[in-house]
Amino acid sequence: MNFLQSCKWYFILFTWLIFSACGSKKEIVYVPVKVPDVTKNFYTDLVINYKLDKTGIKDTFNNAITDAFKSNFDIPDYDIKMTLSKPKDAAVEIEGKSILVVVPVTVNVEKKTFLTDLKAKGTLEMSFITDMDIDSMWNMKTKTNLTFHRWIEKPKLSVAGLNLPIEMISDAVIKKSKQLIEQSIDDSVKESFTLKQKMKETMTMFDQPMQMDPTVNAWINIKPEKILLNKVSNSKFTSTGKIAIHGLSTFSTYKPASNNISTNLPRVSWSEAIPDSSVFRLIADIKMIDINPIIKSNLDGKTFNAGDKSITLSNIVTNCDYEFLRVVTDIAGSANGTLIIKGKPKYDAVNNGFYMDNIDIQFKTKNVIHKAAAWIAEGKIRNELESKMKFNINETIAEVQKNVDDQLKEFNKKYDLEMKLGIGSADVESFELKPGQIEALMKTKFYLEVNIKNFRSFNKF
Numbered sequence: 001m002n003f004l005q006s007c008k009w010y011f012i013l014f015t016w017l018i019f020s021a022c023g024s025k026k027e028i029v030y031v032p033v034k035v036p037d038v039t040k041n042f043y044t045d046l047v048i049n050y051k052l053d054k055t056g057i058k059d060t061f062n063n064a065i066t067d068a069f070k071s072n073f074d075i076p077d078y079d080i081k082m083t084l085s086k087p088k089d090a091a092v093e094i095e096g097k098s099i100l101v102v103v104p105v106t107v108n109v110e111k112k113t114f115l116t117d118l119k120a121k122g123t124l125e126m127s128f129i130t131d132m133d134i135d136s137m138w139n140m141k142t143k144t145n146l147t148f149h150r151w152i153e154k155p156k157l158s159v160a161g162l163n164l165p166i167e168m169i170s171d172a173v174i175k176k177s178k179q180l181i182e183q184s185i186d187d188s189v190k191e192s193f194t195l196k197q198k199m200k201e202t203m204t205m206f207d208q209p210m211q212m213d214p215t216v217n218a219w220i221n222i223k224p225e226k227i228l229l230n231k232v233s234n235s236k237f238t239s240t241g242k243i244a245i246h247g248l249s250t251f252s253t254y255k256p257a258s259n260n261i262s263t264n265l266p267r268v269s270w271s272e273a274i275p276d277s278s279v280f281r282l283i284a285d286i287k288m289i290d291i292n293p294i295i296k297s298n299l300d301g302k303t304f305n306a307g308d309k310s311i312t313l314s315n316i317v318t319n320c321d322y323e324f325l326r327v328v329t330d331i332a333g334s335a336n337g338t339l340i341i342k343g344k345p346k347y348d349a350v351n352n353g354f355y356m357d358n359i360d361i362q363f364k365t366k367n368v369i370h371k372a373a374a375w376i377a378e379g380k381i382r383n384e385l386e387s388k389m390k391f392n393i394n395e396t397i398a399e400v401q402k403n404v405d406d407q408l409k410e411f412n413k414k415y416d417l418e419m420k421l422g423i424g425s426a427d428v429e430s431f432e433l434k435p436g437q438i439e440a441l442m443k444t445k446f447y448l449e450v451n452i453k454n455f456r457s458f459n460k461f
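So that you can map any letter, position 445 of the sequence shown is 445 in the numbering used here, and since no number is skipped, the others follow by simple counting.
Printed below as a string of structure tokens:
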């Protein structure tokens with residue numbers, strides 16, 4: 001289950017890439033942050049589409065059978081000693097919540113008498129079905145049944161050079177040992193799949209918020225509330241399934257309180273209604289105090305020209321109220337003073353972008369505010385300022401996807417995984433202006449797939 005940890009890291013990586021890509025555009029962008037008085041709850045559904053290489057499952061159960069066969073199968077009632085061994089690997093198939101194991105078994109039977117040691121050897125094929133279940137508190141339950149066995153090579157008793165069939169005796173021995181074999185496999189499987197402990201180790205990743213961008217003191221906090229599993233489907237080389245993590249995600253400019261996820265694990269249940277794609281909703285409050293450094297980096301020192309006139313911007317400050325966003329900047333050049341750019345931020349759902357509507361430009365000199373000169377308020381400079389007040393989310397998706405793909409190459413190589421993340425869409429469901437901040441709800445859809453080649457990969461996290 002440790003691949004949940006890796007998925008959470010790429011969940012965070014994806015979010016960071018979106019906002020870092022926005023900043024690299026050199027345009028005014030909206031950086032999601034969260035303030036303490038946010039009371040709205042919006043939920044995220046992270047869906048992990050996993051493929052398990054059957055080799056890993058096969059190895060786990062073969063090791064479990066080998067361990068089980070180390071048990072003592074002596075039958076005191078018959079005064080018989082019996083040993084079981086596996087001459088070659090078992091075949092393993094998984095479907096739903098059940099695992100079918102077909103294994104060849106070498107049976108050695110020995111009985112001591114006062115005259116001689118009687119020995120018999122045979123080969124049979126055993127079929128086990130292990131039913132596995134997980135309750136809501138992450139307790140794993142297994143029930144193994146030896147469904148049938150058939151002799152491939154019937155055992156014969158060697159006495160003074162004679163081979164006498166003792167199939168009936170051996171069958172009786174197998175019958176007597178059936179419960180012990182089943183229990184031994186159950187114990188070994190449970191020891192191999194320490195699910196609850198592994199989940200506690202994995203969920204420690206959600207206990208603490210993660211700092212995304214120290215330059216604006218940005219934090220992301222994901223609080224899983226429930227986890228859904230579906231039954232495993234079987235194919236020739238892999239077994240596939242889905243895991244859905246349903247939880248609350250927030251973004252803040254202060255460090256939130258820690259969660260207690262690893263101690264109190266989210267409840268888990270089975271569901272066949274898990275979708276293919278993930279939906280990541282982010283409660284976002286865009287605080288102007290954090291927006292300002294980005295706007296300064298985009299516009300500070302920028303020179304705008306119109307014919308023989310030009311102005312250079314400096315000392316930029318941004319703020320907003322319930323209605324308008326304002327950018328106040330000193331200007332020098334053909335005009336000297338303070339420029340006040342005011343407009344209403346709007347979200348265009350069709351084009352998936354932000355823009356400033358009805359920009360008003362005012363000019364302040366010697367504490368007197370008046371309409372800016374026509375060559376500033378109209379024409380080329382106005383158009384350039386308006387273009388800097390736009391941000392299209394769709395334009396960044398391809399760039400973000402490329403960055404994700406590049407990062408995944410290194411990650412997959414390091415952990416011997418095959419993880420793929422495809423971004424479907426990113427948009428804003430709602431937003432509103434407040435004094436000093438913009439409150440928004442952002443939503444991203446993406447497809448996450450993990451191909452697990454070797455269970456030992458997860459020990460590296």
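Note that beta-carbon positions come from the ideal geometry of N, C-alpha and C, so glycine has one too.
Bear in mind the structure is a predicted one, so any value in this text is a computation, not a measurement.
Label ILE174 either buried or exposed according to how many other C-beta atoms from any shown protein chain fall within 10 Å of its C-beta, with 16 as the threshold for buried.
By the neighbour-count definition (other C-beta atoms within 10 Å, threshold 16), ILE174 is a buried residue.
May I ask you to report which of helix, strand or coil DSSP gives TRP138?
coil
By how many angstroms is the C-alpha of ARG281 removed from the C-alpha of GLY424?
14 Å
Considering only the alpha carbon of each residue, which of GLY96, ASP77, PHE193 and PHE73 lies closest to ALA64?
PHE193
Measure the beta-carbon distance from SER127 to THR204 and round it to whole angstroms, keeping in mind my assumption that it falls under 8 Å.
At roughly 40 Å, the Cβ-Cβ gap does not stay under 8 Å, so SER127 and THR204 are not in contact.
Contiguous beta strand (DSSP E) assignments of at least 3 residues, all confined to the region 254–306:
267–270, 278–287 and 303–306
Taking GLU182 and THR147 to be in contact with their CB atoms under 8 Å, please state how far apart those CB atoms are, rounded to whole angstroms.
Between THR147 and GLU182 the Cβ distance is about 10 Å, and since that is not below 8 Å, they are no contact.
Where the beta strand (DSSP E) containing THR444 begins and where it ends:
437–452
Distance check for VAL428 and LYS443, CA to CA, integer angstroms please.
6 Å
Neighbour-count burial assignment, VAL350, 16 or more Cβ in a 10 Å radius
Counting Cβ neighbours within 10 Å, VAL350 comes out exposed, since fewer than 16 surround it.
Starting from the N-terminal side, write out each stretch of the beta strand (DSSP E) that is 3 residues or longer and does not extend beyond the region 311–391.
325–333, 337–348, 353–365 and 368–371
Residue range of the beta strand (DSSP E) that ASN49 falls in?
43–53
TRP138 versus MET288, LYS190 and TYR355, residue with shortest Cα-Cα distance:
LYS190
Helix, strand or coil, according to DSSP, for ALA68 in the structure here?
helix
Only counting runs of 3 or more residues, tell me where the beta strand (DSSP E) segments fall wholly within the region 230–254, in order along the chain.
238–252
Who pairs with PRO224 in a beta bridge, going by DSSP?
GLY247
Would you tell me roughly how many angstroms separate the C-alpha atoms of GLU449 and GLU418, rounded to the nearest one?
8 Å
From what residue to what residue does the beta strand (DSSP E) around ILE423 run?
Start and end: 417–434.
Per-residue burial, ASN383 [other beta carbons within 10 Å of its own, 16 or more giving buried]
exposed
For ALA273, does the count of other Cβ atoms within 10 angstroms reach 16, so buried, or fall short, so exposed?
With fewer than 16 neighbouring CB atoms inside 10 Å of its own CB, ALA273 falls in the exposed class.
For ALA120, count neighbouring Cβ atoms within 10 angstroms of its own Cβ and tell me buried if that reaches 16, exposed if not.
buried
Under 6 Å Cβ to Cβ from ILE369, same chain only, skipping five residues before and after it: list those, please.
GLN362
Alpha carbons only, please: which of LYS200, SER310, LYS346 and ASP171 is nearest the one belonging to PHE391?
LYS346
How big is the Cα-Cα spacing for PRO32 and GLU323?
With a pLDDT of only 40 at PRO32, under the threshold of 50, the placement of this residue in the model should not be trusted; the figure read from the coordinates follows. The alpha-carbon atoms of PRO32 and GLU323 are separated by roughly 19 Å.
So with Cβ pairs under 7 Å, would you call LEU146 a contact of chain B?
This model lacks chain B altogether, as it is built from one protein chain only.
Restricting to Cα atoms, I'd like to know which of ASP133, THR106 and ASP135 is closest to HIS149.
THR106
If we count Cβ pairs, one from each stretch, closer than 8 Å, do we get three or more for the region 308–327 versus the region 336–344?
yes
DSSP state of LYS414, grouped into three classes?
helix
Please determine, among SER249, LYS287 and ASP74, the residue with the shortest C-alpha to C-alpha distance to VAL279.
Nearest C-alpha to VAL279 among SER249, LYS287 and ASP74: SER249.
Straight-line CA distance for LYS26 to TYR415?
Any reading at LYS26 is ruled out, since the residue's pLDDT is 33, under 50, leaving its predicted position unreliable.
When the Cα atoms are used, what is the spatial distance from ASP276 to SER239?
Cα-Cα distance, rounded: 16 Å.
Rounded to the nearest angstrom, how far is the Cβ of GLY247 from that of LYS231, given a contact under 8 Å?
About 23 Å; that fails the 8 Å criterion.
Which residue marks the beginning of the alpha helix (DSSP H) containing LYS97, and which one marks its end?
LYS97 -> no alpha helix (DSSP H), and no H or E assigned at all.
Determine, using beta-carbon pairs with one atom in the region 396–414 and one in the region 429–440, whether at least three such pairs fall under 8 Å.
no
Determine the contact status of ALA426 and ILE393, defining contact as a CB-CB distance below 7 Å.
yes
Can you pull the DSSP bridge partners for VAL404?
VAL404 pairs with nothing; no bridge assigned.
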